[in-house]
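Since the structure comes first, as structure tokens, the remarks are kept for the end.
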Amino acid sequence: MSGPREARNESPVLQVGATGHLGRLILGSLLNRGKSVRALVRPGSDVSKLPKGVEVVRGDLLDPRSLRSAAEGVSAVVTSAIGYSQRREGDSLRTDREGNRNLIDAARQARVPRFILLSILACDQAPDVPHFWAKKEAEDYLAQQGVPFVSLRPGAFLYAPEGGYGQMVRQGIEQGQVFGMTPQGTRITYIAPKEVARAVGLAVDEPKALGATIDLGSDRPLSGPEYAELIGQLLGRPMRAAPMQQGRGGRSDDMAAMFRFFQTGKYVADTRRQAELFGPVPKIEEAAREMLQDLGLLPGK
Numbered sequence: 007m008s009g010p011r012e013a014r015n016e017s018p019v020l021q022v023g024a025t026g027h028l029g030r031l032i033l034g035s036l037l038n039r040g041k042s043v044r045a046l047v048r049p050g051s052d053v054s055k056l057p058k059g060v061e062v063v064r065g066d067l068l069d070p071r072s073l074r075s076a077a078e079g080v081s082a083v084v085t086s087a088i089g090y091s092q093r094r095e096g097d098s099l100r101t102d103r104e105g106n107r108n109l110i111d112a113a114r115q116a117r118v119p120r121f122i123l124l125s126i127l128a129c130d131q132a133p134d135v136p137h138f139w140a141k142k143e144a145e146d147y148l149a150q151q152g153v154p155f156v157s158l159r160p161g162a163f164l165y166a167p168e169g170g171y172g173q174m175v176r177q178g179i180e181q182g183q184v185f186g187m188t189p190q191g192t193r194i195t196y197i198a199p200k201e202v203a204r205a206v207g208l209a210v211d212e213p214k215a216l217g218a219t220i221d222l223g224s225d226r227p228l229s230g231p232e233y234a235e236l237i238g239q240l241l242g243r244p245m246r247a248a249p250m251q252q253g254r255g256g257r258s259d260d261m262a263a264m265f266r267f268f269q270t271g272k273y274v275a276d277t278r279r280q281a282e283l284f285g286p287v288p289k290i291e292e293a294a295r296e297m298l299q300d301l302g303l304l305p306g307k
């Protein structure tokens, strides 16, 4: 069915992070599956783009008291909230560490039957990458607290449409270069954000997903040069892989550690469970084409 299903008479899903790009995609996936949604939104955040019918509650992951009532009576908690990206002044890894613990505590106290955590591929193998390891700590805390959970571990998004990175990706492609993250022979997993959102919508109900840690990716990983070749094939002109330039300090050190981890070759998804629970694994060509369409570099469907 292509359109939204008729809403069911059931408890809402509490969604944390609904105002971000991925969060809005997840929200659409939940609504299309007939879910009612309660969105936890920080004070001051713009909710004007949220669809009508979404219940908005104000709160903050770093304010435990605001989470208790938000979690009461929900059928599931879904969180894609992050602080490490520093999209808002004052954001930090505190959200990914302390904030996630606060949300998990609230879910435990409210006896929420399912907690969907948007984690990161191979986070358990990357203790030197702060934002990866914060996700691993959240997974561990869910297990320790006995909260029924599903951990979804997506690979790298090809780009983020919001902020400076999306603009940088577009400008690079227009100049004939793609920002490759690994050299020839070292491959990593990429995925389209829409596929992650689709998996979240399915994971809310899928009985076999409960208690599982599930890698999410495309049909095959790519090296930097292979990624550039793919973009060139889709655009019909040659592209070259250009290394990412990293600054120093704070988030830049975190990102630099992530790129070093990519060089190990461990950032590759095992998509067998993804296929079993959520259907055929999409081809990487689909993710790349979607990115180019979103950036206005290819005609839409």
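First residue of the sequence shown: 7, per this note's numbering; consecutive thereafter.
All C-beta atoms in this analysis are idealised placements derived from N, C-alpha and C, irrespective of residue type, glycine included.
Only a predicted model underlies this, so the values are computations on that prediction, with no experimental measurement involved.
Distance between residue j and residue i (C-alpha atoms, nearest Å)
i    : j    : result
A132 : P286 : 28 angstroms
R117 : F155 : 12 angstroms
R64  : L20  : 12 angstroms
T277 : Q181 : 34 angstroms
R48  : A215 : 29 angstroms
E12  : L36  : Residue placement at E12 cannot be trusted, given a pLDDT of 42 that sits under 50; what the coordinates show is reported in the next sentence. So the alpha carbons of these two residues sit roughly 12 angstroms apart.
L124 : V202 : 9 angstroms
L222 : G306 : 25 angstroms
M245 : P231 : 9 angstroms
I32  : K200 : 8 angstroms
R30  : A24  : 5 angstroms
I237 : V184 : 8 angstroms
S42  : E235 : 42 angstroms
P160 : M261 : 17 angstroms
V153 : F121 : 7 angstroms
L127 : T195 : 9 angstroms
F268 : V135 : 11 angstroms
The beta strand (DSSP E) enclosing residue i, as first and last residue numbers
i    : result
Q183 : Q183 to G186
I220 : T219 to L222
L158 : F155 to P160
L46  : V43 to V47
A24  : Element bounds for A24: n/a, residue is neither H nor E.
Limits of the alpha helix (DSSP H) - the one that residue i falls within
i    : result
I32  : H27 to N38
L208 : P199 to A209
L241 : G230 to L241
A294 : I290 to D300
Q190 : Counting along the chain, Q190 falls outside any alpha helix (DSSP H), and DSSP gives it neither H nor E.
A247 : Segment R246 to P249 is the beta strand (DSSP E) holding A247; no alpha helix (DSSP H) there.
A281 : R278 to F284
Candidates the options, of which the one nearest residue i by Cα
i    : options                   : result
Y165 : V22, K142, Q269 and R295  : R295
R103 : E235, V43, E145 and R120  : E145
W139 : R120, P119, Y171 and N106 : N106
R44  : V60, R176 and A262        : V60
L302 : R100, R114, M261 and V175 : Reading the sequence as shown, one finds Gly at residue 302 and not Leu. Cα-wise, what sits closest to G302 is V175.
I88  : R74, L109 and A82         : L109
V80  : A248, A128, G178 and R114 : R114
A275 : D130, Y171, I179 and G172 : D130
K27  : N38, S91, L68 and R266    : Residue 27 is actually His in this sequence, not Lys. Nearest of N38, S91, L68 and R266 to H27, Cα basis: S91.
G217 : P57, E292 and Q150        : Q150
CB contact check: residue i to chain C, cutoff 8 angstroms
i   : result
R44 : Checking the listed chains, one finds no chain C in this structure; it contains a single protein chain.
ask   = Unbroken beta strand (DSSP E) runs of length 3 or more, entirely within the segment 60 to 143: which are they?
value = The DSSP assignment places complete beta strand (DSSP E) segments of no fewer than 3 residues inside the segment 60 to 143 at 61 to 64, 82 to 85 and 121 to 124, in order along the chain.
- Should the segment 178 to 196 be regarded as contacting the segment 225 to 232, the criterion being three or more beta carbon pairs within less than 8 angstroms? yes
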